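A.B. asks: The structure follows.
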Amino acid sequence: MTNMSSLLIGKTVTPFLREHIPSLYAPIGKPNNEETARAKNPNTRYCYRHRPDSKCRRAADEAKMIMIQNELDKLTPAVCPDLFLSLSILKLRLMVAITHVWSLFSAAPARHRELMLQGVLSQLCFPQLSLISREVNEALKIDFITALPVELSQKILCYLDTVSLTKAAQVSQRWRQLADSDAVWVYMCEQHVNRKCTKCGWGLPLLERKRLRNYTRQRQMAKDNSNGRIEEIHDSENSVVTQNGKRLADSSDDEPDGKRRRVDESEFKQRKWKDVYKDRWEVGYNWKVGRCTVHTLRGHTNGVTCLQLDDHILATGSYDATIKIWNIETGEEIRTLRGHTRGIRALQFDDSKLISGSLDNTIKIWNWHTGECISTLAGHTDGVVSLHFEGQLLASGSIDKSVKIFDFNSKEAFCLKGHTDWVNCTRLDTASRTVMSASDDTTIKLWDLDTRRVIRTFEGHVGHVQQVLLLPPEYEPDDELLNGLSGPGDNSDSVSVSSGRSGTPTVSFVHTDRPTSSPARDDELRALYGAGFESETTRPLPARYFLSGGLDSTIRLWDSATGRCLKTMFGHLEGIWALAGDTIRVISGANDGMVKCWEPRSGKCDATYTGHRGPVTCVGLNDSLLASGSEDGEVRLYSFKAPN
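The numbering used here puts the sequence shown at residues 1240 to 1883.
As C-alpha cells, then:
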C-alpha cells in the first residue's frame, strides 16, 4: 500500500468512507422507516460497546494513544524502492497507509470488520497472537457498574461487605456516588443494626429511641420541605403527654418546655444512612473491644436493688426505701420519690409513669416527672420483690409465693399460685397472653393468662432462680444446639411438665425423657403450648427462647416449646442476681461483684467489668450505655459512645 498513488487511494478508500461514516456518526434523528430498515441490515448494527448511546462505549486510552503516536513517529521504511525519493516522503507514505487501514476498519460495518479480523488473524505468527491475547485481555474489561442501570448497580454493591464497599467508593466518582447512596447503606443498616449479620457475624446497636425519633422526623421534614418552604415544628423531647392529655415538664432539662424553633430547608442537612451506619459501627466497635468511660453515681444510703435505663433517664431503687431519678448526661440527681416504708425491690417506668414494688407489701404508681404518687396497689400478703408491666397488664411476684396479675382496663386482679418459694422475677408477654415466673424453688413456670394454668415448668437450676430474660423473635441459637449437641452442663432431661403440687390447675402434656428435635410445623409447635394455642390459630406464640440466671452461678438458655435446656453458660464465681439484654448482647451481674457481657448465640463471654465493692444486684443497658447497681450503694455507668 505504500507504493499506491494518492489518486488510487482516493478512488478506493474515499467511496468506502463516504458510504459508511455518515451512518456511523449520525445514527440519531433518522426517520422511523429508515431506522426500521437499517435494523434489519446486520451490516449496520452496533455491538454493545460501539452503540453511540451506550454507557459501555470505551473512552480513549490516553496512554495507549500516546504510545501509538510515538511508534508512528519512529516508523522507518524497511527498504527504499525508489532512490529518488527521500526517507521523509517514504515515512509519510507509510504513515498514510497505516492510517488508511485504521480508517477502513473503523468505518466498516460489523460483518466487514469480522471478515477483516479473520483475515488478519489467519496471517499472524505466534508472537503476534500473544500480543493480541494480552491486548484483548485488557480491552475486554468494562466498567459494568457504570454501564448497568442504577438499580442493578446498587443491587450488586449490596452484596459487598462494608470494607469492600468503602474501597469501591474510591474507584471513581461514579462508583462513589453509587456506593454512598442511601439505597445501599440502608440495606447495610438493615443487615447489621440491632441484629447479628449471618454473613460477617457483626451486630450493631440500635439507635437510641430519641435519636431514632429525631432522625425519622428529620427525614419527614426533608420530604415535606421539598418545595423550600419554612416549617415550624414543636420540640417535644422535653415534655411528656400523660394519659389524661396534660403535658408534664421533664425536669431533666432546665429550658422551658414548649419551645419552638424554625427550621429552614437551606440549613437542614439530611443525615445519610452511611452516617447512621458509621455512628453505629463506632459504638459497636467500642462494645467489642471494651472501650468505655465510667461514671459513678452516689446518692443512696443503702444497697441499690433495682434500676432501669432509658435514653437519658436512669431510675434506681434501694433498700433505703427511696427511688432516685438521674440525668444520665450530667450525672445529676433530678428528684427522689419517697413513700414506701421499706426497701424497694423492683421498679419499671415509661414516658409517663413509674411503678415500684417494695418489701412493705405494696405496689405504687408514680408520676416520676413531678414525684407524685398516683396510686397504691395492695394485694400481696408479703413483700413485693418483682414486677413487670406491658400495655395495660401488670404482673408482680412476692415473698408470699404468688404471682398477681393486675388489669388496668377492667380494674380486675387475679392470683397465680404454684411456686413453693419466693417469686423473684415475672415477665409478661401480652401478645401471647402469657407470663413467665422464676422462683427460689429453683423452677421457672410459663402461665397461660386465659386459663390461669401452668403451661410448662422448667427445671434444671440447682440454686434459686433470680432472673428470666425473654429473647426477641429474631434470635436463633446455634444449629448444633438445635440438633441436640449440647455442651457440658446442658441437661436435656431437666424439664418437666407442671406437677400436681401446684395450687393452680395445670394442663397435662405427654412428656418425653429427651426431646431431640424442634417441631417442624406450626400446628406441631402450637400443640406443645397447649389447647389454648391449638384452638386459636391466630394467637401469637410465646417467646421461643429465653435465658435464666440463678444463684448456682449459671445462665441457662431454654427452648420454651420443647422445654429443653439448650446451653449452660459458666463464668461467674458466685450466684447471678441480674440479667439484661437485647438482640446483640446479654449483661449479667453477680454476687462476685462482676458484670459480664455475653454473646447470646454462642454463649461466649465477651467482656468482664469490675469495680463494685459488693454484689451486683441489678443491670441495665441501651445502645451505648451499661448501668450496674450494687449493694455498695453505687451505680456505675459505662458509656460506649463514640467521641464527638
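C-beta atoms are modelled at their ideal positions from N, C-alpha and C, and glycine is treated no differently.
Note that this is a predicted model, so its numbers are computed, not measured.
In this structure, does DSSP put Ile1613 in helix, strand or coil?
C.D. replies: Sequence index remark: in the sequence shown, residue 1613 carries index 374 (1-based). Ile1613 falls in the strand class under three-state DSSP.
A.B. asks: Inspect the CB distances between the region 1670-1679 and the region 1701-1719 and report whether three or more fall short of 8 Å.
C.D. replies: Result yes; three or more Cβ-Cβ pairs closer than 8 Å.
A.B. asks: Can you tell me whether DSSP reads Lys1303 as helix, strand or coil?
C.D. replies: Along the sequence shown, one-based indexing puts residue 1303 at 64. Helix, per DSSP.
A.B. asks: What would DSSP say about Gln1308, mapped onto helix, strand or coil?
C.D. replies: To locate residue 1308, count along the sequence shown from 1; it is residue 69. In the structure shown, Gln1308 sits in a helix (DSSP, three-state: H, G or I).
A.B. asks: Count Cβ pairs between the region 1537-1545 and the region 1510-1521 that sit closer than 8 Å; are there 3 or more?
C.D. replies: No, they do not touch.
A.B. asks: Roughly how many whole angstroms lie between the Cα atoms of Arg1852 and Ala1670?
C.D. replies: Here residue 1852 refers to the residue found at position 613 of the sequence shown. Here residue 1670 refers to the residue found at position 431 of the sequence shown. Distance between the alpha carbons of Arg1852 and Ala1670: 40 Å.
A.B. asks: Would you tell me roughly how many angstroms separate the C-alpha atoms of Leu1667 and Trp1414, rounded to the nearest one?
C.D. replies: To locate residue 1667, count along the sequence shown from 1; it is residue 428. To locate residue 1414, count along the sequence shown from 1; it is residue 175. Approximately 50 Å between the Cα atoms of the pair.
A.B. asks: Count the other CB atoms, across all protein chains shown, that sit within 10 Å of the CB of Gly1832; report buried if there are 16 or more and exposed otherwise.
C.D. replies: Taking the first residue of the sequence shown as 1, we reach residue 1832 at position 593. By the neighbour-count rule (16 or more Cβ atoms within 10 Å), Gly1832 is buried.
A.B. asks: Would you identify the three-state DSSP class for His1339, choosing helix, strand or coil?
C.D. replies: Against the sequence shown, residue 1339 aligns to sequence position 100. If DSSP states are grouped into helix, strand and coil, His1339 belongs with the helices.
A.B. asks: Does the Cβ of Arg1530 have 16 or more other Cβ atoms within 10 Å, making it buried, or fewer, making it exposed?
C.D. replies: Here residue 1530 refers to the residue found at position 291 when the sequence shown is read from its first residue. Flag for Arg1530 reads exposed.
A.B. asks: With C-beta atoms as the reference, is Arg1875 less than 7 Å away from Gly1850?
C.D. replies: Taking the sequence shown and counting its residues from 1, the one referred to as residue 1875 is at position 636. Taking the sequence shown and counting its residues from 1, the one referred to as residue 1850 is at position 611. Result yes, Cβ atoms of Arg1875 and Gly1850 sit closer than 7 Å.
A.B. asks: Taking 6 Å as the cut-off, does the CB of Tyr1558 come closer than this to any heavy atom belonging to the ligand SAM?
C.D. replies: By its list of ligands, the structure shown contains no ligand whatsoever, and the ligand SAM lies outside what it can speak to.
A.B. asks: Between which residues of its own chain and Asp1871 is the CB-CB distance below 6 Å, once the five residues before and five after are set aside?
C.D. replies: The residue given as residue 1871 occupies position 632 in the sequence shown. Once the five neighbours on either side are set aside, the close Cβ partners of Asp1871 are His1851, Arg1852 and Gly1853.
A.B. asks: Can we say the region 1577-1587 touches the region 1626-1637, given the rule of at least three CB pairs closer than 8 Å?
C.D. replies: Cβ pair count under 8 Å is three or more, so yes.
A.B. asks: Could you name the residues of the same chain whose beta carbon sits closer than 8 Å to that of Lys1511, not counting the 5 residues immediately before and after it, in chain order?
C.D. replies: Position 272 of the sequence shown, counted from the first residue, corresponds to residue 1511. Closer than 8 Å at Cβ, skipping near neighbours: Asp1419, Asp1421 and Trp1424.
A.B. asks: Where does Leu1767 fall in DSSP's three states?
C.D. replies: As a working mapping, residue 1767 is identified with position 528 in the sequence shown. Leu1767 falls in the helix class under three-state DSSP.
A.B. asks: From the DSSP output, in three-state form, read off Gln1367 for me.
C.D. replies: The residue labelled residue 1367 in the question sits at position 128 within the sequence shown. Looking at Gln1367 - three-state DSSP - the assignment turns out to be helix.
A.B. asks: I need the boundaries of the beta strand (DSSP E) containing Thr1569, first residue and last residue.
C.D. replies: On the sequence shown, residue 1569 is found 330 positions in, with the first residue counted as 1. No beta strand (DSSP E) holds Thr1569; DSSP gives it neither H nor E.
A.B. asks: Could you tell me if Leu1404 is buried or exposed, where buried requires 16 or more neighbouring beta carbons within 10 angstroms of its beta carbon?
C.D. replies: On the sequence shown, position 165 is the one that residue 1404 refers to. Looking at its Cβ environment, which holds 16 or more other Cβ atoms inside 10 Å, Leu1404 is buried.
A.B. asks: Would you identify the three-state DSSP class for Thr1673, choosing helix, strand or coil?
C.D. replies: Counting from one through the sequence shown, the residue named residue 1673 turns up at place 434. Here Thr1673 sits in strand by DSSP.
A.B. asks: Assuming Ser1635 contacts Val1623 (C-beta within less than 8 Å), just tell me the rounded distance between them.
C.D. replies: Here residue 1635 refers to the residue found at position 396 of the sequence shown. Here residue 1623 refers to the residue found at position 384 of the sequence shown. With a Cβ gap of about 5 Å, Ser1635 and Val1623 count as contacting.
A.B. asks: Using the DSSP secondary-structure output, state which residues sit across from Lys1656 in a beta bridge.
C.D. replies: For the purposes of this step, residue 1656 is taken as residue 417 along the sequence shown, with counting starting at 1. Paired residue(s): Ser1641.
A.B. asks: Assign Leu1311 to buried or exposed, taking buried as 16 or more other Cβ atoms, counted over all protein chains shown, within 10 Å of its Cβ.
C.D. replies: By 1-based counting over the sequence shown, the position of residue 1311 is 72. Label assigned to Leu1311: exposed.
A.B. asks: In its own chain, which residues sit with a C-beta less than 8 Å from the C-beta of Thr1580, not counting the 5 before and 5 after it?
C.D. replies: Position 341 of the sequence shown, counted from the first residue, corresponds to residue 1580. Excluding positions up to five away in sequence, the list reads Ala1560, Ser1597 and Asp1599.
A.B. asks: Just list the residues that DSSP pairs Gly1596 with in beta bridges.
C.D. replies: Here residue 1596 refers to the residue found at position 357 when the sequence shown is read from its first residue. According to DSSP, which records beta bridges pairwise, Gly1596 is partnered with Ala1585 and Ile1602.
A.B. asks: Could you check where the beta strand (DSSP E) with Phe1383 kicks off and where it finishes?
C.D. replies: Residue mapping note: residue 1383 aligns to position 144 of the sequence shown, counting from 1. Here Phe1383 belongs to no beta strand (DSSP E); instead the alpha helix (DSSP H) covers Phe1383 to Ala1386.
A.B. asks: Counting C-beta neighbours from all protein chains within 10 Å, is the total for Trp1686 16 or more, i.e. buried, or is it exposed?
C.D. replies: Against the sequence shown, residue 1686 aligns to sequence position 447. Label assigned to Trp1686: buried.
A.B. asks: My parser needs the beta strand (DSSP E) runs of 3 or more residues fully inside the region 1513-1556; what are they?
C.D. replies: Fully enclosed beta strand (DSSP E) runs of 3 or longer: 1532-1537 and 1543-1548.
A.B. asks: Let's see if you can read the secondary structure: which residues bound the beta strand (DSSP E) around Lys1406?
C.D. replies: By 1-based counting over the sequence shown, the position of residue 1406 is 167. Taken as a continuous stretch (DSSP letters only), Lys1406 belongs to no beta strand (DSSP E), being part of the alpha helix (DSSP H) at Thr1401 to Ala1407.
A.B. asks: So the beta strand (DSSP E) Met1355 belongs to, where does it begin and stop?
C.D. replies: Residue 1355 sits at position 116 when you count from the first residue of the sequence shown. Note, Met1355: premise wrong, no beta strand (DSSP E); alpha helix (DSSP H) at Ala1349 to Ser1361.
A.B. asks: How is Gln1631 classed by DSSP in three states: helix, strand or coil?
C.D. replies: The residue labelled residue 1631 in the question sits at position 392 within the sequence shown. Of the three classes helix, strand and coil, the one that applies to Gln1631 here is coil, per DSSP.
A.B. asks: At what residues does the beta strand (DSSP E) containing Ser1867 begin and finish?
C.D. replies: Here residue 1867 corresponds to residue number 628 of the sequence shown, with the count starting at 1. First-last of the beta strand (DSSP E) with Ser1867: Leu1864 to Ser1869.
A.B. asks: Does DSSP classify Leu1812 as helix, strand or coil?
C.D. replies: Walking along the sequence shown from the start, residue 1812 turns up at place 573. Leu1812: coil per DSSP, three-state reduction.
A.B. asks: Look at Ser1392 and Ile1381 and say whether their C-beta atoms are less than 7 Å apart.
C.D. replies: By 1-based counting over the sequence shown, the position of residue 1392 is 153. By 1-based counting over the sequence shown, the position of residue 1381 is 142. Result no, Cβ atoms of Ser1392 and Ile1381 do not sit closer than 7 Å.
A.B. asks: Please look up how many angstroms separate the CB atoms of Arg1892 and Gly1699, rounded, as I've assumed it's under 8 Å.
C.D. replies: Past the boundaries of the shown model lies residue 1892; the chain is included only from 1240 to 1883, so the question cannot be answered.
A.B. asks: How about Thr1847: is its C-beta nearer than 7 Å to some C-beta of chain C?
C.D. replies: Here chain C cannot be found, since the structure has a single protein chain.
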